[in-house]
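A short write-up of the structure that comes next.
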């Protein structure tokens, strides 16, 4: 059942390169679609680049990890790992 599920189709990736490529493609599509919003500004400086998005993601991963470590009663490791994967 799992092998034909939408969870497997949309949430399981073959490699980190695959998910990074998809992130890059979505970023580019969003920038193209919404470039009219930047009006007189340079679109390349108006939107986050994929590398900048990744840096923000890493920052929030650290915040989430620290929060989970300080949580009382202690949070199970499986919950901490699952919360990071959602990002």
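Numbering (the numbering used here), first residue to last: 6 to 92.
Note that the Cβ used here is the ideal one computed from N, Cα and C, for glycine as well.
Residue 72 and residue 58 have their C-alpha atoms spaced approximately 21 Å apart.
If you draw a straight line from the Cα of residue 55 to the Cα of residue 25, it comes to about 9 Å. An exposed status is given to residue 51, since fewer than 16 other beta-carbon atoms sit within 10 Å of its beta-carbon. With contacts defined as CB atoms closer than 8 Å, residue 70 and residue 80 fail to qualify as a contacting pair. Taken in chain order, the complete alpha helix (DSSP H) segments of 4 or more residues contained in the segment 11–86 are 11–16, 21–39, 48–51 and 55–75. Nearest to residue 63 by C-alpha distance, out of 89, 21 and 39, is 89. Within its own chain, the residues whose Cβ lies closer than 6 Å to the Cβ of residue 43, once the five positions on either side in sequence are excluded, are 51, listed in chain order.
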